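In what follows, a structure is listed as structure tokens, so that the remarks can point back to it.
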Amino acid sequence: MGIELLIFKSILVLVVFTITLTIAAYSTYGERKIAAFLQDRIGPNRAGPFGIFQPVADGGKMFLKEEIIPADASAFLFVLGPSLAMLTALMTGVVIPWGDTLTLNGVEYSLQITDLNIGVLYIFGVVSFGVYGIMIGGWSSNNKFSLLGAIRASAQMISYELAMGLSIVALIMTTGTLSIKEIVDQQATWHWNILYQPLGFLIFMICAFAECNRAPFDLAECETELVGGYHTEYSSMKLGFYLFAEYINMFISSALMASLYFGGYNFPFMNSLGLDQNMVTILGTVVFFGKVFFFIFFFMWIRWTIPRFRYDQLMRLGWQSLIPLAILNILLTGIFTMREELKNWLFN
Amino acid sequence: MQLTNRSKVVSNKKMSFAEKLYLPAIVKGLAITMSHFFRKPATISYPEEQRYIAPVWRGKHVLKRDANGAENCTACGLCAVACPAEAITMTAAERKPGEEHMYREEKYAAVYEINMLRCIFCGLCEEACPKEAIFLTPELVPSYLNRDEFIYGKDKLVEPIDKRVDITQRQKHLVEKKQ
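Listed below in structure tokens is the structure:
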């Protein structure tokens, strides 16, 4: 590995890290603004013009608050919980292809931190790991509400990860690769996977909502039933970490949906514009972030539209609707990809 | 006996598969919230903007003085009797010689207190008053940190001699009756 590549990758890691945190911070602002607009209100407008310094004020507040560790809590695990949640949330950004390749001084640099050939599996592994942050935090608080929240979170994760995995299996069957970069490259210009896997995308999106603990699947932290759910006992920046991790997860899910199903950094007519390769890459990154922002907006739009599921409705939807649908989707995809062989086998 | 025709028959029929997926209902809901996205917000940014207050608005009370600057109130207690919220208390005192410029009649209110937390701003005190001493003004009662501060004494209620409060808008019905 050349020293230039090392420097480039280090810078890229730093940039992705900063962008992720900035977007997560401004998602809180966006969430409040969008909620306000959807409810005929104005939203935060006191900190700076249009309230754009609100996340800074919120972050400062979180840092300055008193840090409380309950007397009956297991102190080590209590601190480990939010740290794990934040760690796993930030780890997923590594395999997302943020753009195509940039050519600088004749050397090609990929705008993806690392192109794992099992990128999809990696994301699944890390995301499943993320539930430990919630479980450890909820359990170590030694509080009934926290424990209930943690139990709900883990039950929900197990139920919806199955359907999510099955919906991805159908996608893998059509693409034939687990590398996210290759999946994105296959969708060049307008051959987006949403056109081939509409049902799979729907299931994946619903499961992504559940995995992020977002409304209507926010049973793990529902204020109306469980005070704050798994983070009831948390204060100060440890609470901030949990809330932040949720927004980072939302950002990464949006990025994943954009790259797996909506062509990632590809956009129609990208090769017929007659532009320099570097320009196309930069434009592609901009388009990619546009897609990501649309999904983040969609996440919020859903949250302020749909009421929370009841626990039995949640389980019924997961096990009785989404998993059968995902299996049906696999079956249909299999029949479609093997249609020639099937025709030969049936009619000869 | 049927009282109204607005009753609805509730059915517990099983949901179809499409309904169990919730998707059509969700799409409908999304359309509703999106239609609100582009509506004008109902918010009034309070300290900068204030909503219109009518000239006959019933707000903070004022105890009036006559043309010579003497207090109109004779502490008859009719306002306190009329008050449905029992917000008004007063103590009467006799006017001493030499105080004619301060009090219009021989009896006056030494203490006159209105508890603004109890007051419902109905204006019955004003209607009951035979001396045209108490009126409600369009001024708002602000909020305080302590409950004591809501009890307004004569220092806050009696109008200053050099800063008379205009209550002609609220006297219109009296003016019309006299003519």
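Listed in order, the protein sequences are those of chains A and V. So in the working numbering, the last spot in the first sequence is 348, and the numbers never skip. So in the working numbering, the last spot in the second sequence is 527, and the numbers never skip. Just so it is clear, CB atoms sit at the ideal spot from N, CA and C, and this is done for glycine as well. Just so it is clear, the structure is predicted and the values come from calculations on it, not from any experiment.
Tell me whether residue i sits in a helix, a strand or coil according to DSSP, three-state version.
{"i": "isoleucine 499(V)", "result": "strand"}
{"i": "glutamate 341(A)", "result": "helix"}
{"i": "leucine 120(A)", "result": "The amino acid occupying residue 120(A) in the given sequence is valine; leucine does not appear at that position. Reduced to three states, the DSSP call for valine 120(A) is helix."}
{"i": "threonine 103(A)", "result": "strand"}
{"i": "valine 506(V)", "result": "strand"}
{"i": "glutamate 108(A)", "result": "strand"}
{"i": "phenylalanine 269(A)", "result": "coil"}
{"i": "valine 513(V)", "result": "coil"}
{"i": "tyrosine 196(A)", "result": "coil"}
{"i": "lysine 144(A)", "result": "helix"}
{"i": "aspartate 349(A)", "result": "Look at the range of chain A in this structure, 1 to 348, and you will see that residue 349(A) is not part of it."}
{"i": "glycine 274(A)", "result": "coil"}
{"i": "isoleucine 52(A)", "result": "coil"}
{"i": "threonine 114(A)", "result": "coil"}
{"i": "alanine 210(A)", "result": "helix"}
{"i": "glycine 130(A)", "result": "helix"}
{"i": "asparagine 348(A)", "result": "coil"}
{"i": "arginine 46(A)", "result": "coil"}
{"i": "arginine 308(A)", "result": "coil"}
{"i": "proline 97(A)", "result": "coil"}
{"i": "arginine 518(V)", "result": "helix"}
Kindly indicate the opening and closing residues of the beta strand (DSSP E) around residue i.
{"i": "phenylalanine 483(V)", "result": "482-484"}
{"i": "histidine 409(V)", "result": "409-411"}
For residue i, tell me which candidate among the options has the shortest Cα-Cα distance.
{"i": "leucine 90(A)", "options": "Phe251(A), Gln277(A), Thr224(A)", "result": "Phe251(A)"}
{"i": "aspartate 115(A)", "options": "Ala47(A), Pro97(A), Tyr132(A)", "result": "Pro97(A)"}
{"i": "proline 55(A)", "options": "Ile296(A), Ala25(A), Gly125(A), Ile118(A)", "result": "Ala25(A)"}
{"i": "glutamine 197(A)", "options": "Arg339(A), Tyr29(A), Leu328(A)", "result": "Leu328(A)"}
{"i": "valine 131(A)", "options": "Thr92(A), Ile118(A), Ser154(A)", "result": "Ser154(A)"}
{"i": "isoleucine 323(A)", "options": "Phe295(A), Met300(A), Leu199(A)", "result": "Leu199(A)"}
{"i": "asparagine 142(A)", "options": "Val79(A), Leu104(A), Ala73(A)", "result": "Ala73(A)"}
{"i": "isoleucine 123(A)", "options": "Met86(A), Ala163(A), Leu243(A), Ile180(A)", "result": "Ile180(A)"}
{"i": "tyrosine 230(A)", "options": "Leu195(A), Leu148(A), Phe241(A)", "result": "Leu148(A)"}
{"i": "leucine 80(A)", "options": "Leu239(A), Leu346(A), Leu325(A), Leu331(A)", "result": "Leu239(A)"}
{"i": "asparagine 409(A)", "options": "Phe267(A), Leu219(A), Arg152(A)", "result": "What the structure shows of chain A is the stretch from 1 to 348, and residue 409(A) is not part of that stretch, so it cannot be assessed."}
{"i": "asparagine 552(V)", "options": "His449(V), Met438(V), Ala402(V)", "result": "Because residue 552(V) is not part of the residues shown, which for chain V are 349 to 527, the question remains open."}
{"i": "methionine 157(A)", "options": "Thr18(A), Gly133(A), Phe145(A), Ser140(A)", "result": "Gly133(A)"}
{"i": "alanine 150(A)", "options": "Gly48(A), Ser27(A), Phe53(A), Pro82(A)", "result": "Pro82(A)"}
{"i": "threonine 437(V)", "options": "Ala418(V), Glu419(V), Cys473(V)", "result": "Cys473(V)"}
{"i": "glycine 59(A)", "options": "Ile282(A), Thr337(A), Phe347(A), Tyr242(A)", "result": "Tyr242(A)"}
{"i": "phenylalanine 299(A)", "options": "Cys207(A), Trp345(A), Asn278(A), Glu341(A)", "result": "Cys207(A)"}
Got a sec, what are the start and stop residues for the alpha helix (DSSP H) residue i sits in?
{"i": "serine 27(A)", "result": "3-38"}
{"i": "asparagine 278(A)", "result": "277-303"}
{"i": "alanine 73(A)", "result": "Looking at the DSSP string, alanine 73(A) is not in any alpha helix (DSSP H), and its letter there is neither H nor E."}
{"i": "leucine 314(A)", "result": "311-316"}
So does residue i have its beta carbon nearer than 8 Å to some heavy atom of the ligand COA?
{"i": "cysteine 424(V)", "result": "Within the structure as shown, the ligand COA is missing, as the structure has no ligands at all."}
_Ranges of the alpha helix (DSSP H) found wholly within the stretch 150-189 of chain A, counting only runs of at least 4_ = For the stretch 150-189 of chain A, whole alpha helix (DSSP H) runs of length 4 or above, ordered along the chain, are 180-186.
*What are the uninterrupted segments assigned as beta strand (DSSP E) that are 3 or more residues long and contained completely in the stretch 214-264 of chain A, given in chain order?*
If we require 3 residues or more, the stretch 214-264 of chain A turns out to have no beta strand (DSSP E) run fully inside it.
*Kindly provide the ranges of any beta strand (DSSP E) runs that are 3 or more residues long and lie completely inside the stretch 350-412 of chain V, ordered along the chain.*
Fully contained in the stretch 350-412 of chain V are the following beta strand (DSSP E) runs of length 3 or more, in chain order: 409-411.
*Determine contact between the stretch 275-293 of chain A and the stretch 218-228 of chain A, defined as no fewer than three beta-carbon pairs at a distance below 8 Å.*
Flag = no, the stretch 275-293 of chain A and the stretch 218-228 of chain A do not touch.
*Enumerate, from N- to C-terminal direction, the unbroken beta strand (DSSP E) stretches of 3 or more residues contained entirely within the stretch 411-495 of chain V.*
436-442, 455-463, 482-484, all fully within the stretch 411-495 of chain V.
*Cβ contact (3+ pairs, closer than 8 Å) linking the stretch 163-179 of chain A and the stretch 227-237 of chain A*: Judged by Cβ distances under 8 Å, the stretch 163-179 of chain A makes no contact with the stretch 227-237 of chain A, as fewer than three pairs qualify.
*Decide if the stretch 409-426 of chain V is in contact with the stretch 507-518 of chain V; the criterion is three or more beta carbon pairs, one per stretch, under 8 Å apart.*
Three or more Cβ pairs closer than 8 Å define a contact, and the stretch 409-426 of chain V meets that threshold against the stretch 507-518 of chain V.
*Check whether the stretch 388-399 of chain V touches the stretch 35-47 of chain A, taking contact to mean three or more Cβ pairs, one atom from each stretch, closer than 8 Å.*
Judged by Cβ distances under 8 Å, the stretch 388-399 of chain V makes contact with the stretch 35-47 of chain A, as three or more pairs qualify.
*Does the stretch 291-309 of chain A come close enough to the stretch 254-274 of chain A to have 3 or more Cβ pairs within less than 8 Å?*
Yes: the two stretches touch, three or more of their Cβ pairs being nearer than 8 Å.
*Kindly confirm or deny that the stretch 172-179 of chain A and the stretch 207-220 of chain A touch, where touching means at least three C-beta pairs closer than 8 Å.*
No contact exists between the stretch 172-179 of chain A and the stretch 207-220 of chain A.
*Below 8 Å, can you find three or more Cβ-Cβ pairs linking the stretch 461-470 of chain V to the stretch 431-443 of chain V?*
At 8 Å Cβ cutoff, the stretches touch.
*asked:* Does the structure place the stretch 296-315 of chain A close enough to the stretch 370-379 of chain V that three or more beta carbon pairs sit under 8 Å?
replied: Three or more Cβ pairs closer than 8 Å define a contact, and the stretch 370-379 of chain V meets that threshold against the stretch 296-315 of chain A.
*Could you tell me whether the stretch 350-358 of chain V touches the stretch 181-192 of chain A, where touching means 3 or more Cβ pairs closer than 8 Å?*
Because the criterion of three Cβ pairs below 8 Å is not met, the stretch 350-358 of chain V and the stretch 181-192 of chain A do not touch.
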